[in-house]
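Reviewing the structure listed below.
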Amino acid sequence: MLEAPDPGPPQRQGGQEFALTGADFAAIARLAYQHFGLHLTESKRSLVYSRLARRLRKKGLPDFAAYVVLLNGPEWEAEKLDFLTALTTNTTHFYREAHHFTRLEKEVLPPLIEAARKKRGRVRLWSAASSSGQEPYSMAMSVLRVCPEAASLDIKILATDIDPVIVNKAREAVYLPEEYQSMPADMRAECTQPVPGNYKLSPKVTGLVTFGILNLMDELPFRGPFDAIFCRNVAIYFDKPTQVKVFTKLTHVLRPGGELFIGHSERLSGEVSNYYENSGITSYKRRADAARPKPRSLNV
Ligand SMILES: C[S@@+](CC[C@H](N)C(=O)[O-])C[C@H]1O[C@@H](n2cnc3c(N)ncnc32)[C@H](O)[C@@H]1O
0 MLEAPDPGPP QRQGGQEFAL TGADFAAIAR LAYQHFGLHL TESKRSLVYS RLARRLRKKG
60 LPDFAAYVVL LNGPEWEAEK LDFLTALTTN TTHFYREAHH FTRLEKEVLP PLIEAARKKR
120 GRVRLWSAAS SSGQEPYSMA MSVLRVCPEA ASLDIKILAT DIDPVIVNKA REAVYLPEEY
180 QSMPADMRAE CTQPVPGNYK LSPKVTGLVT FGILNLMDEL PFRGPFDAIF CRNVAIYFDK
240 PTQVKVFTKL THVLRPGGEL FIGHSERLSG EVSNYYENSG ITSYKRRADA ARPKPRSLNV
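Below you can see the structure in the form of structure tokens.
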């Protein structure tokens with residue numbers, strides 16, 4: 000829950016550039032929670048100040064009270080993504096938390112690929128907060144390691160994020176040479192091609208991934224079922240009740256026996272943890288014997 004608003008004094012004291020009252024902070028926290036599920040407690044006050052001060056400068060506003068007026072007015076639609084981007088981070092890299100990709104390659108994918116080869120079955124993976132694309136592309140490279148002929152089978156990776164700007168960057172699949180450092184050398188050699196000043200991922204990687212824009216607070220526009228879902232380093236922004244609701248939503252579209260990967264500082268808690276057994280470091284297998292979660296908890 001958001002903490003009670005602190006009525007004053009403005010933070011301009013002590014040399015701050017813009018006044019930020021308790022009421023301003025509470026209004027900002029309310030909007031962030033209502034639209035994006037972000038949980039901003041008083042402990043985040045100086046972070047919120049420094050992140051949003053850039054928006055005030057850009058807009059030429061005198062103080063946070065004026066920014067709150069803007070957010071609550073007709074400019075909200077145009078401002079909301081910059082507001083969200085300022086409050087969250089897109090930090091990611093190839094093969095982040097590499098043990099998840101090892102598990103994907105060694106445990107999760109082999110039986111799925113075998114079935115896809117023999118019975119023409121389908122494999123469906125989802126990266127639910129895909130940022131600039133390194134996560135779903137790492138999933139695609141793991142698929143290619145296990146199944147070099149993936150393009151000829153029914154194997155698809157869905158990648159979604161709330162932020163359309165970062166999704167467009169992901170679609171381009173162009174990264175600086177140093178961004179490839181965390182990628183295993185064999186994959187770097189096999190899966191990238193030079194473009195002026197940078198490197199682009201090759202079509203055999205990008206061809207496996209389809210991008211879309213999706214706010215995890217919204218009703219999911221698909222039913223799955225997915226064989227594995229990566230939802231990593233985004234639930235940290237949500238409070239516990241919102242985390243439970245989001246993970247419950249994911250559970251509805253993950254097939255029994257399917258695998259859920261979450262971020263290193265995230266945990267499954269509450270009712271939703273009954274649907275899973277631990278299968279590795281921050282990875283969980285959806286139990287086949289558990290009944291489906293109640294539909295009433297589907298939407299945030
Ligand atoms: C720190 S990045 C994590 C990227 C990747 N999953 C990883 O672990 O490397 C967090 C991403 O979550 C996205 N995000 C924040 N709130 C979201 C929401 N309500 N719905 C969907 N994505 C959200 C942000 O745009 C950002 O790209």
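Numbered according to numbering that gives the first Met the number 0, the sequence shown spans residues 0 to 299.
We treat Cβ as the ideally placed atom computed from N, Cα and C, and that holds for glycine.
Since we're looking at a predicted model, the values are computed, not measured.
Going by Cα to Cα distance, which pick from the options is closest to residue i?
| i | options | result |
| --- | --- | --- |
| TYR66 | ARG121, ILE27 and SER131 | ILE27 |
| ALA237 | PRO73, ALA31 and PHE93 | Ala is not the amino acid found at residue 237; the sequence shown has Phe there. Comparing Cα positions, the closest option is ALA31. |
| LYS118 | LYS239, THR87, SER49 and ASP153 | ASP153 |
| ASP217 | THR205, PHE246 and GLY196 | PHE246 |
| ARG187 | SER49, PRO176 and ARG102 | PRO176 |
| PRO147 | GLY206, THR84, THR40 and GLY59 | GLY206 |
| LYS155 | TYR174, ALA115, GLY279 and PRO163 | ALA115 |
| LEU19 | SER42, TYR283 and PHE63 | PHE63 |
| ASP162 | GLU113, GLU41 and ALA77 | ALA77 |
| PHE260 | VAL271, TYR283 and SER272 | TYR283 |
| VAL47 | THR88, GLU113 and PRO202 | THR88 |
By the 10 Å Cβ neighbour count, where 16 or more other Cβ atoms means buried, how is residue i classified, buried or exposed?
| i | result |
| --- | --- |
| GLY132 | buried |
| ASN301 | Residue 301 is absent from the structure shown; the chain starts at 0 and stops at 299. |
| THR191 | buried |
| THR209 | exposed |
| HIS99 | buried |
| HIS38 | buried |
| THR90 | exposed |
| ILE280 | exposed |
| ARG102 | buried |
| LEU70 | buried |
| LEU267 | buried |
| VAL68 | exposed |
| TRP125 | buried |
| GLY36 | buried |
| ASN298 | Annotation note: pLDDT 38 at ASN298 (below 50); position unreliable, coordinate value reported separately. It counts as exposed. |
If you drop the 5 nearest sequence neighbours on each side, which residues of the same chain put their C-beta closer than 6 Å to that of residue i?
| i | result |
| --- | --- |
| PRO255 | ARG285 and ALA287 |
| LEU108 | VAL145 |
| LYS57 | none |
| PRO9 | Per-residue confidence for PRO9 stands at a pLDDT of 47, beneath the threshold of 50, marking its modelled position as unreliable; the derived number appears in the next sentence. Result list for PRO9: ALA18 and THR20, in chain order. |
If you measure between the beta carbons of residue i and residue j, is that distance less than 7 Å?
| i | j | result |
| --- | --- | --- |
| GLY269 | VAL252 | no |
| PRO135 | SER129 | yes |
| ILE334 | GLU265 | With the chain running from 0 to 299 in the structure shown, residue 334 is simply not present. |
| PHE24 | ARG44 | yes |
| GLU96 | ARG144 | no |
| ALA169 | LEU200 | no |
| VAL204 | ALA139 | yes |
| LEU83 | ARG50 | no |
| LEU111 | ASP226 | yes |
Spatial neighbours of residue i within its chain, please: CB distance less than 8 Å, with the 5 preceding and 5 following residues excluded, ordered by chain position.
| i | result |
| --- | --- |
| ALA127 | THR159, LEU213, LEU215, ILE228, PHE229, CYS230, VAL233 and LEU249 |
| PRO224 | ARG123, VAL252, LEU253, ARG254 and GLY257 |
| GLY211 | LEU157, ALA158, THR159 and VAL166 |
| MET0 | Any reading at MET0 is ruled out, since the residue's pLDDT is 34, under 50, leaving its predicted position unreliable. |
| VAL164 | LEU80 and THR84 |
Report all residues from its chain with a CB closer than 7 Å to the CB of residue i; omit the five preceding and five following residues, and keep chain order.
| i | result |
| --- | --- |
| PRO240 | none |
| TYR179 | PHE93, ARG187, THR191 and TYR198 |
| LYS79 | HIS34 |
| GLU16 | ALA52 |
| ARG222 | VAL252 |
| SER137 | PHE93, TYR94 and PHE100 |
| HIS263 | GLU96 and THR281 |
| MET182 | PHE93 and TYR94 |
| ARG121 | ALA115 and ASP153 |
| TYR174 | ASN197 and TYR198 |
| LEU219 | LYS248 and VAL252 |
Could you tell me whether any non-hydrogen atom of ligand 2 is closer than 6 Å to the CB of residue i?
| i | result |
| --- | --- |
| SER130 | As presented, the structure is devoid of ligand 2, carrying ligand 1 as its sole ligands. |
Is any beta-carbon of chain D found at less than 7 Å from that of residue i?
| i | result |
| --- | --- |
| TYR179 | The chain labelled as chain D is not found in the depicted structure, where only one protein chain is given. |
Q: May I have a chain-ordered list of the alpha helix (DSSP H) segments no shorter than 4 residues that lie completely inside the stretch 11-41?
A: 21-35
Q: Identify every run of the beta strand (DSSP E) within the stretch 219-260, keeping only runs that are complete inside it and at least 3 residues long; order them along the chain.
A: 225-230
Q.
Please give me, in chain order, every unbroken run of the beta strand (DSSP E) with length at least 3 that falls completely inside the stretch 149-181.
A. 153-160
**Q.** Entirely enclosed beta strand (DSSP E) segments - the stretch 62-128, minimum 3 residues
**A.** 121-126
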